[in-house]
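Residue numbers (our numbering), protein chains in the order written: chain A, -2 to 196; chain B, -2 to 196.
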DNA sequence: TCATAGACTAGACTGTAGTCTAATGATATA
DNA sequence: TATATCATTAGACTACAGTCTAGTCTATGA
């Protein structure tokens, strides 16, 4: 989706500038109240330039989302310190992910991403094997096979899919709600249920 | 979303006609290759008429989805015959729902619905308390408290949310995939995992 | 039977995401 | 330095979902 390999220095700066302006506008007025024309106008650039740097309007949010994905590494290194068994790390990591998503990204961004990802084949990052989130979960599963806390699982791939469905289901459900129940609160029972049977 | 109380006979016929034509076109060419103008042209009507009967393009799929929801009652009555414990009924019902969705509705429809429901507040049916799906699941949970197979749950509401997240997560994950793994195949491990801890 | 309300129809119009083309700028190599 | 290549930019243009307005049809009930 974002191949920045051939970008000039000015190009990267412009991309960052557009993104900052757009995120500020979205924050202030809401995603669907802000048109690409408005973003272009406020960041003093042009449509051509915008679509040089972003494949779609929603990809601005997707880029923010991708930045967040990187930070899961830090979140996990904290979780490693606090929990020794893989199974405990799995639960703690998922809940930390929920907290970060709600705090750093917010519901509107997640709605736009979840809406776009399932309809638009451009959003390949969402399911890309490169996602740190996926790598960390796979690592936990492998650790769990070694330390015995997840030795009962039938196959790594299958258990991985179970966890991803859990995360997607919780976040999607949270996105549907118009109350203020927090993501962690909504997601805790399901992940605990999964984890419980291995204890 | 669809309040047909004040429709005339001709109105209901026209709505049905437009829907039939649209679904045929979607089937043949794909949802995003068919414009509302095309639907209007092929069904020999007008934009004004189309939007009299449907609040949006995606609501054609939503209407199909709502029809399907009604049929869950039949699915569940079959499940009741085959399983006596509520916990077993829960598992069997979810898997039957997966089978029906894949067979009757298909992945493209589900993608459009899942994409629209999370972004568009018009799609209230998706989370409406009136959905047969929700009523059946609540009924199973209540039966489970009576027959003892679900007596360990902390609260009905919380367990209900766990099941809904499970269904949403599985279907959303399936919608993301571009391989041919079936929905039941993808969903079986997670629902079994949930159910396992009550056995 | 006539009047009224509101359901229905037609299609012109609007708003906006995304495309296209032509021109300009930067970088790398001969 | 000259030239080729490819990134970048501008903004006119296209496609299409959804709105609006003006007018017609239909059921009801006085």
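Ideal Cβ placement from N, Cα and C applies to all residues, glycine included.
Sequence-distant residues of its chain with Cβ nearer than 7 angstroms to residue i (five each side left out)
i, result
"residue 80 (chain A)", "86, 89"
"residue 28 (chain A)", "105, 109"
"residue 138 (chain B)", "147, 153, 156, 157"
"residue 31 (chain A)", "22, 23"
"residue 149 (chain A)", "195"
"residue 83 (chain B)", "137, 140, 141, 144, 146, 147"
"residue 192 (chain B)", "84, 87, 88"
Among the options, the one whose alpha carbon lies nearest that of residue i
i, options, result
"residue 21 (chain B)", "B:71, B:106, B:120, B:69", "B:106"
"residue 54 (chain A)", "A:70, A:74, A:18, A:84", "A:18"
"residue 13 (chain B)", "B:50, B:3, B:65, B:39", "B:50"
"residue 124 (chain A)", "A:31, A:82, A:165", "A:165"
"residue 67 (chain A)", "A:153, A:141, A:34, A:130", "A:130"
"residue 100 (chain A)", "A:39, A:159, A:65", "A:65"
"residue 103 (chain A)", "A:180, A:16, A:43, A:136", "A:180"
"residue 39 (chain B)", "B:59, B:16, B:132", "B:16"
"residue -1 (chain B)", "B:35, B:59, B:169", "B:59"
"residue 71 (chain A)", "A:127, A:97, A:170", "A:97"
"residue 184 (chain B)", "B:63, B:93, B:3, B:61", "B:93"
"residue 119 (chain A)", "B:56, B:167, B:175, B:127", "B:175"
"residue 132 (chain A)", "A:56, A:69, A:52", "A:69"
Residue i (DSSP reduced to helix, strand or coil)
i, result
"residue 172 (chain A)", "helix"
"residue 150 (chain B)", "coil"
"residue 195 (chain A)", "coil"
"residue 128 (chain A)", "coil"
"residue 120 (chain B)", "coil"
"residue 186 (chain B)", "helix"
"residue 71 (chain A)", "helix"
"residue 100 (chain A)", "helix"
"residue 141 (chain A)", "helix"
"residue 20 (chain A)", "helix"
"residue 42 (chain B)", "coil"
"residue 56 (chain A)", "helix"
"residue 179 (chain B)", "coil"
"residue 166 (chain B)", "helix"
"residue 82 (chain B)", "coil"
"residue 31 (chain B)", "coil"
"residue 25 (chain A)", "helix"
"residue 47 (chain A)", "helix"
"residue 11 (chain B)", "helix"
"residue 161 (chain A)", "helix"
"residue 90 (chain A)", "helix"
"residue 134 (chain A)", "helix"
"residue -1 (chain A)", "coil"
"residue 115 (chain A)", "coil"
Buried or exposed by the 16-neighbour rule on C-beta atoms within 10 Å, applied to residue i
i, result
"residue 143 (chain A)", "exposed"
"residue 151 (chain A)", "exposed"
"residue 78 (chain A)", "exposed"
"residue 198 (chain B)", "Within the shown structure, residues of chain B are numbered from -2 to 196, placing residue 198 (chain B) beyond reach of any answer."
"residue 163 (chain B)", "buried"
"residue 121 (chain A)", "exposed"
"residue 112 (chain A)", "buried"
"residue 95 (chain A)", "buried"
"residue 37 (chain A)", "buried"
"residue 43 (chain A)", "exposed"
"residue 5 (chain B)", "exposed"
"residue 74 (chain A)", "exposed"
Proximal residues to residue i (C-beta, below 6 angstroms), its chain only, five neighbours per side dropped
i, result
"residue 91 (chain B)", "188"
"residue 127 (chain B)", "none"
"residue 62 (chain B)", "110"
"residue 186 (chain B)", "none"
"residue 52 (chain B)", "119"
Distance between beta carbons of residue j and residue i, contact taken as under 8 angstroms
i, j, result
"residue 190 (chain B)", "residue 146 (chain A)", "At roughly 15 angstroms, the Cβ-Cβ gap does not stay under 8 angstroms, so residue 190 (chain B) and residue 146 (chain A) are not in contact."
"residue 161 (chain B)", "residue 26 (chain A)", "Wrong, their Cβ atoms sit about 32 angstroms apart, outside the cutoff."
"residue 173 (chain A)", "residue 115 (chain B)", "6 angstroms"
8 angstroms CB neighbourhood of residue i in its chain, flanking five on each side removed
i, result
"residue 33 (chain A)", "44, 47, 54"
"residue 159 (chain A)", "191"
"residue 117 (chain B)", "53, 55"
"residue 167 (chain A)", "95, 180, 183, 184, 187, 188"
Closer than 7 angstroms: residue i CB and nearest the ligand MG heavy atom
i, result
"residue 62 (chain B)", "Ligands in the displayed structure: none, and consequently the ligand MG is not present."
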